[in-house]
Amino acid sequence: MHPHLHTKDNTGCTEIMNALEECHAKGFLWKCMGMCSGVKHEVNMCLRAERLARTAKNREDAKAKRDHMKAVWAEIDANS
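Numbering (my numbering), first residue to last: 14 to 93.
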């Protein structure tokens, strides 16, 4: 797999990515005949799920930060 896919963010997909690498190691004809397509689809779905989880967490963190900033500015405005 590409090195950028083996990150701390995708640790849940390591086993499936290794299975895809093993499938690809069987040779060009094995890949060419579509024998790895099922595993590749599983990798794509796993990476997608990991990305969606990261996106949801980032969205929640941003909302909390935004709410905190609104509270700080409201306090500044109230004390002015």
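Quick reminder that beta carbons are idealized off the backbone N, C-alpha and C, glycines included.
Go ahead and pull the three-state DSSP assignment for Gly47.
Stepping through the sequence shown from its first residue, residue 47 is reached at position 34. Under the three-state reduction of DSSP, Gly47 is assigned to coil, being neither helix nor strand.
Counting along the chain, where does the alpha helix (DSSP H) carrying Thr27 start and finish?
Position 14 of the sequence shown holds residue 27. Per DSSP, Thr27 belongs to the alpha helix (DSSP H) from Thr27 to Ala38.
With DSSP collapsed to three states, give me the class of Thr68.
Walking along the sequence shown from the start, residue 68 turns up at place 55. Thr68 falls in the helix class under three-state DSSP.
Could you say if the segment 36-44 and the segment 65-85 meet the contact criterion of at least three C-beta pairs nearer than 8 Å?
no
Note down the Cα distance separating Met30 from Glu55, rounded to an integer number of angstroms.
Here residue 30 refers to the residue found at position 17 when the sequence shown is read from its first residue. Here residue 55 refers to the residue found at position 42 when the sequence shown is read from its first residue. Looking at the two C-alpha atoms, the distance is approximately 9 Å.
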